[in-house]
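Numbering (my numbering), first residue to last: 8 to 194.
Structure, as structure tokens:
Given below as structure tokens:
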């Protein structure tokens, strides 16, 4: 999952150069200052510190829209900073229920490569929340345990009761019974 960070403005008290490198004659000369984006020295009183680097304020921008991220939250994805809006447009999953993107401030609940907002993860039949509850799926829809059992679970041929998960069942000549129902019929 992507990491959300907040960028803060920093004020330098001294106008100093923290790094100046000169490479060998075969390679080009690099006067790379703290601003790794443009390899320019920072002489300004104000700069931005983000991603373990120091930046000119105008150089620390969203990877997609190029808007400044100074003073704003951003999401780091594949070592590139994105503003929250661009990140959600590009990378957020869409909710199966409402179709809206699942933003960085929302829980993204997923099952079989489908995604839901926490408030949208509901039984397809009775609309009860499925968060932290057992559920079943049929025809790519999710159901609470009660609705799933009532609609789709196999039933005992002896008493028409549902076979709940973990229930022992007996099979004989194409029929299924709870072990207690089988014993009543054949003993």
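We put the CB at the ideal spot given by N, CA and C, even for glycine.
These figures come from a predicted structure and were not determined experimentally.
**Report entry** Cβ shell of residue 108 (< 8 Å), same chain only, five flanking positions each side left out
**Finding:** Counting from one through the chain shown, the residue named residue 108 turns up at place 101. Excluding sequence neighbours, residue 108 sits near 95, 96, 99, 100, 101 and 102.
Query raised in the report: Looking only at C-alpha atoms, which of 152, 187 and 151 sits nearest to residue 164?
Result: Looking up residue 164 in the chain shown gives position 157. Distance from the Cα of residue 164 is smallest, within the candidate group 152, 187 and 151, for 187.
Query raised in the report: Between residue 176 and residue 106, what straight-line distance do the alpha-carbon atoms span, to the nearest angstrom?
Result: Within the chain shown, numbered from 1, the residue matching residue 176 stands at position 169. Within the chain shown, numbered from 1, the residue matching residue 106 stands at position 99. Distance between the alpha carbons of residue 176 and residue 106: 41 Å.
Query raised in the report: According to DSSP, which residues form a beta bridge with residue 169?
Result: By 1-based counting over the chain shown, the position of residue 169 is 162. Beta-bridge pairing links residue 169 to 162.
Query raised in the report: Which residue spans inside the segment 101-125 form an unbroken beta strand (DSSP E) run of at least 3?
Result: Counting whole runs of 3 or more residues, the segment 101-125 contains the beta strand (DSSP E) stretches 115-118 and 121-124.
Report task. Compute the Euclidean distance between the alpha carbons of residue 128 and residue 142, then round it to the nearest angstrom. Result -> Position 121 of the chain shown, counted from the start, is the residue given in the question as residue 128. Position 135 of the chain shown, counted from the start, is the residue given in the question as residue 142. Whole-angstrom Cα-Cα distance: 11 Å.
Query raised in the report: Buried or exposed: residue 179, going by 16 or more other Cβ atoms within 10 Å of its Cβ?
Result: Residue numbering aside, residue 179 sits at position 172 when the chain shown is read from its first letter. Classification for residue 179: exposed.
Query - Rounded straight-line distance, which links the Cα of residue 124 to that of residue 151 - result: Taking the first residue of the chain shown as position 1, residue 151 is located at position 144. Taking the first residue of the chain shown as position 1, residue 124 is located at position 117. Rounded to whole angstroms, residue 151 and residue 124 show a C-alpha spacing of 17 Å.
**Report entry** When 121, 116 and 144 are compared against residue 138, the one with the closest alpha-carbon
**Finding:** Taking the first residue of the chain shown as position 1, residue 138 is located at position 131. Comparing Cα positions, the closest option is 116.
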